[in-house]
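Each remark here refers to the structure printed beneath this line.
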Amino acid sequence: MTGYLSVSRAAKLVGASRSEIQKKIRKGELETFEGEVSEIALKSAYPQVRLEDNSEIERLQRLKSDALNKSLVSTVTDEQLLKSEILRLRHALHESTEQVRFYQRLTGELKGRLITMQADCTHQQKTMLRALLSWMSLQIRQNRH
Numbered sequence: 001m002t003g004y005l006s007v008s009r010a011a012k013l014v015g016a017s018r019s020e021i022q023k024k025i026r027k028g029e030l031e032t033f034e035g036e037v038s039e040i041a042l043k044s045a046y047p048q049v050r051l052e053d054n055s056e057i058e059r060l061q062r063l064k065s066d067a068l069n070k071s072l073v074s075t076v077t078d079e080q081l082l083k084s085e086i087l088r089l090r091h092a093l094h095e096s097t098e099q100v101r102f103y104q105r106l107t108g109e110l111k112g113r114l115i116t117m118q119a120d121c122t123h124q125q126k127t128m129l130r131a132l133l134s135w136m137s138l139q140i141r142q143n144r145h
């Protein structure tokens, strides 16, 4: 029992406030070294304290530390998941954009070929091609919103 405790830990062990422990330090009633309270001095100032039985405090500190670490790991993991999802969505958007451009070129080429074909068609075929081209143009306009 020759160690030193932080002021906070000493206060918790004896059931006092930190300010009460600090007053005793200023009065010289508690010996300190580098800001920590001597266990021997604490025991003489507070004879009822059981320094050996601080397992509950240590357990609570471990729980608090584990929760903090879990929170940090969770934050990092969440961040990594979000970054991964952003990259996946960016890639999917790029592929979709390229596919839209392909179909735009394809429909433009198809429209051009159908117009060219009209020159060599009968009147009935030209009417059918015009109807097809009108329908195609209408569909394209309606789906551009």
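In case it helps, the numbering used here puts the sequence shown at residues 1 to 145.
Glycine included, every Cβ here is placed at the ideal spot set by N, Cα and C.
Checking the DSSP bridge columns, you'll see Phe33 partnered with Glu36. For the options Glu34, Leu5, Phe102, Arg18, the alpha carbon positioned closest to that of Ile40 is the one of Leu5.
Excluding sequence positions up to five before and after Leu42, its CB lies within less than 8 Å of the CB of Leu5, Ala10, Leu13, Val14, Leu30, Val49, Leu51, all in the same chain and listed in chain order. About 5 Å separates the beta carbons of Leu129 and Gln118, which is inside the 8 Å limit, making them a contact pair.
In this structure, DSSP gives Leu60 a helical state, which the three-state scheme calls helix.
Secondary structure of Leu51 (DSSP, three-state): coil. In the DSSP annotation of this structure, the continuous segment of the alpha helix (DSSP H) that includes Thr127 starts and ends at 123-142.
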